[in-house]
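Right, one structure below, let's go through it.
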Ligand code: ATP
Ligand code: MG
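In this note's numbering, the protein residues as written are 23 to 505.
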């Protein structure tokens, strides 16, 4: 056992409480996994995993008694969890695992700390701190986790073929940790043996549930530089299993010396641009905006045409793409709710702001955009600005300048006309009462005419203007007010 004493990492009082309780019960307890790793990386972590040589559930129960807190017990998993002052502590008994071919659910037996460390996914996730009085804080690092951490290496403790074939989720976790732990100062790399092994074992993905796959994808999407994760998924052949539609974006075709962009690398660039824009705007990462970035050009391969006069076109890819979103979400068992609709809307509208940049920016075009995007207009502008990628920096600079003009125009028109949360000033009830009529198609038609008139700037967005306009239109339909 290593005798490195780690100072400062176990100062929180929860650790001495666990230490004392374990000694009272005559069992050994260790902090293990992510918390230990993140201590050395200087990343704050409020999730603590405790492994016990003995019963994790019994130790958790004892501690909950001391702290007068509740404990949640997950009997099937042999784990227990309690919360203390904003920290979440999970307890598990040290275990030995063996796997069957058709499931990532292991057969579990009681084991030692060493057995338990062997079942962990990566060397950097297998380090433990002792909570025993005699060597409190000693680092137990049997596989050189510290060495790999400082070298930025993701490596499995066992033969990678065993680790990945036993539980293929670990292949996605390898990509996730490489992406999440990388910083501008230090890139985390998956060791070549493990990369080769992932390629060999990619088809093991078939035993994973879609929910687990999406959980990992989401975590990759939420990192500061998601492109790295998707490049890894691609180079390990996992992408085919995860999101085959995205693989189809790869490649460049050339006809008559004219080539189009590689839509896969463009998409990843847009994704990174969105992530950077969120940071710059001081926003929290928005998972659904990132999905929209990932999928914004998804239908480009299906709409690609070559026109000898103008070159490559992808007409309608935003419409077809938006239509595909429910299918893609469903295939991944993702929610088919307002989040999906949001992604769908952003995909469908992603060209609209930039179209305003190249065409003349009329008030009515801006009002229509505000009307259709509603409260998602700011997100749409982030996506659209992120979509400006070109190898020609002058072109990018020119487009971005014009883009700022569109943004200013949006603010100006919104201040004047308040279209963003457009509510038709004329309601159906009002029309029915005014003319003494029941529900009929005509009401919808009149309301539609009012809406169009406001969006076109024929009348202003107020009840008085809308009412006068509507009365005139109604007269043409032969309606006169009853009062
Ligand atoms: P995060 O900060 O993202 O939560 P973490 O390392 O805590 O990172 P968890 O998914 O919370 O990751 O898992 C906790 C620990 O359990 C890991 O550090 C690892 O040791 C172990 N672990 C989790 N899932 C697996 C798995 N599928 N195979 C092997 N070990 C795993
Ligand atoms: Mg964790």
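Virtual Cβ for every residue (Gly too), placed ideally from N, Cα, C. This structure is a prediction, so every number in the text was calculated from the model and none was measured.
Taking DSSP as the reference, what is the three-state secondary structure of residue 23?
-> What you label residue 23 is simply residue 1 of the chain shown in a count that begins at 1. With a pLDDT of only 44 at residue 23, under 50, the local geometry of the prediction cannot be trusted, and the value read off the model is given with reservation. Looking at residue 23 - three-state DSSP - the assignment turns out to be coil, as it is neither helix nor strand.
Report yes if the C-beta distance between residue 88 and residue 113 is below 8 Å; otherwise report no.
-> Indexing the chain shown from 1 puts residue 88 at position 66. Indexing the chain shown from 1 puts residue 113 at position 91. No, the Cβ-Cβ distance between residue 88 and residue 113 is not below 8 Å.
Selected residue, minimal CA-CA separation from residue 496, among 473, 457 and 487 | Residue 496 sits at position 474 when you count from the first residue of the chain shown. Closest by alpha carbon: 457.
Counting Cβ pairs closer than 8 Å, one from the segment 400-419 and one from the segment 443-455, do we hit at least three?
-> no
Proximity test, residue 56 beta-carbon vs the ligand MG heavy atom, cut-off 7 Å = Along the chain shown, read from residue 1 onward, the residue named residue 56 stands at position 34. Flag set: Cβ of residue 56 near the ligand MG.
Any contact of the segment 384-402 with the segment 362-369, i.e. 3+ C-beta pairs under 8 Å?
-> yes
Across which residues does DSSP place residue 115 in a beta bridge pair?
-> Counting from one through the chain shown, the residue named residue 115 turns up at place 93. According to DSSP, which records beta bridges pairwise, residue 115 is partnered with 74.
Could you tell me whether the segment 34-41 touches the segment 99-112, where touching means 3 or more Cβ pairs closer than 8 Å?
-> yes
In angstroms with no decimal places, state the Cα-to-Cα distance between residue 308 and residue 298.
-> Here residue 308 refers to the residue found at position 286 of the chain shown. Here residue 298 refers to the residue found at position 276 of the chain shown. C-alpha separation (whole angstroms): 12 Å.
For residue 447, count neighbouring C-beta atoms within 10 Å of its own C-beta (all shown protein chains included) and say buried if the count is 16 or more, exposed if not.
-> Sequence index remark: in the chain shown, residue 447 carries index 425 (1-based). With 16 or more Cβ atoms within 10 Å of its Cβ, residue 447 is classed as buried.
Do residue 147 and residue 222 come within 8 Å of each other at the CB atom, strictly closer than that value?
-> Walking along the chain shown from the start, residue 222 turns up at place 200. Walking along the chain shown from the start, residue 147 turns up at place 125. Contact flag unset, no.
In its own chain, which residues sit with a C-beta less than 7 Å from the C-beta of residue 209, not counting the 5 before and 5 after it?
-> The residue you call residue 209 lines up with position 187 of the chain shown. Excluding positions up to five away in sequence, the list reads 174.
With a threshold of 7 Å, establish whether the CB of residue 138 neighbours any heavy atom of the ligand MG.
-> Stepping through the chain shown from its first residue, residue 138 is reached at position 116. Answer for residue 138: no, Cβ out of range of the ligand MG.
Flag this pair as touching only if the segment 84-101 and the segment 178-194 have three or more C-beta atom pairs under 8 Å; answer yes or no.
-> no
If you count every other CB in all the chains shown that lies within 10 Å of the CB of residue 359, and 16 or more means buried, which is it?
-> Looking up residue 359 in the chain shown gives position 337. By the neighbour-count rule (16 or more Cβ atoms within 10 Å), residue 359 is not buried but exposed.
Separation of residue 331 from residue 321, as counted between CA atoms | Within the chain shown, numbered from 1, the residue matching residue 321 stands at position 299. Within the chain shown, numbered from 1, the residue matching residue 331 stands at position 309. Computed Cα separation, rounded: 23 Å.
Which ranges would you report for the beta strand (DSSP E) in the segment 317-388 if only whole runs of at least 3 residues count?
-> 327-329 and 333-335
Name the DSSP beta bridge partners of residue 280, please?
-> Start at 1 with the first residue of the chain shown, and residue 280 comes out as number 258. Residue 280 is bridged to 277.
Would you call the CB atoms of residue 292 and residue 324 closer than 8 Å?
-> As a first step, residue 292 is located in the chain shown; it is residue number 270 there, counting from the start. As a first step, residue 324 is located in the chain shown; it is residue number 302 there, counting from the start. The answer is no: Cβ separation not under 8 Å.
Is residue 95 helix, strand or coil by DSSP?
-> Position 73 of the chain shown holds residue 95. Strand at residue 95.
Cβ of residue 319 within 8 Å of Cβ of residue 343?
-> By 1-based counting over the chain shown, the position of residue 319 is 297. By 1-based counting over the chain shown, the position of residue 343 is 321. Yes.
Residue 50, DSSP secondary structure in three states = Taking the first residue of the chain shown as position 1, residue 50 is located at position 28. In the structure shown, residue 50 sits in a strand (DSSP, three-state: E or B).
Report yes or no: do three or more beta-carbon pairs, one from the segment 47-57 and one from the segment 94-102, lie closer than 8 Å?
-> no
What residue does the beta strand (DSSP E) around residue 152 start on, and which one ends it?
-> Within the chain shown, numbered from 1, the residue matching residue 152 stands at position 130. Where residue 152 is concerned, the enclosing beta strand (DSSP E) stretches over 150-152.
Report yes if the C-beta distance between residue 340 and residue 373 is below 8 Å; otherwise report no.
-> The sequence position of residue 340 within the chain shown is 318, counting from 1. The sequence position of residue 373 within the chain shown is 351, counting from 1. Closer than 8 Å, so yes.
Which residue or residues does DSSP assign as beta-bridge partners of residue 101?
-> For the purposes of this step, residue 101 is taken as the residue at position 79 of the chain shown. Residue 101 pairs with 96 and 114.
What first and last residue would you give for the alpha helix (DSSP H) that runs through residue 132?
-> The sequence position of residue 132 within the chain shown is 110, counting from 1. No alpha helix (DSSP H) contains residue 132, which is instead part of the beta strand (DSSP E) from 129-132.
Segments assigned alpha helix (DSSP H), at least 4 residues, entirely inside the segment 386-428 = 399-408
Less than 8 Å separating the beta-carbons of residue 177 and residue 213?
-> Reading the chain shown from its first residue, position 155 is the one you call residue 177. Reading the chain shown from its first residue, position 191 is the one you call residue 213. Yes, the Cβ-Cβ distance between residue 177 and residue 213 is below 8 Å.
Examine the ligand ATP and report whether any of its heavy atoms sits within less than 7 Å of the Cβ of residue 191.
-> Here residue 191 refers to the residue found at position 169 of the chain shown. Yes, the beta carbon of residue 191 sits closer than 7 Å to at least one heavy atom of the ligand ATP.
Within 10 angstroms of its Cβ, does residue 478 collect 16 or more other Cβ (buried), or is it exposed?
-> Along the chain shown, one-based indexing puts residue 478 at 456. It is exposed - the Cβ of residue 478 has fewer than 16 other Cβ atoms within 10 Å.
Rounded to a whole number of angstroms, what is the C-alpha to C-alpha distance between residue 77 and residue 135?
-> Along the chain shown, one-based indexing puts residue 77 at 55. Along the chain shown, one-based indexing puts residue 135 at 113. Cα-Cα distance, rounded: 13 Å.
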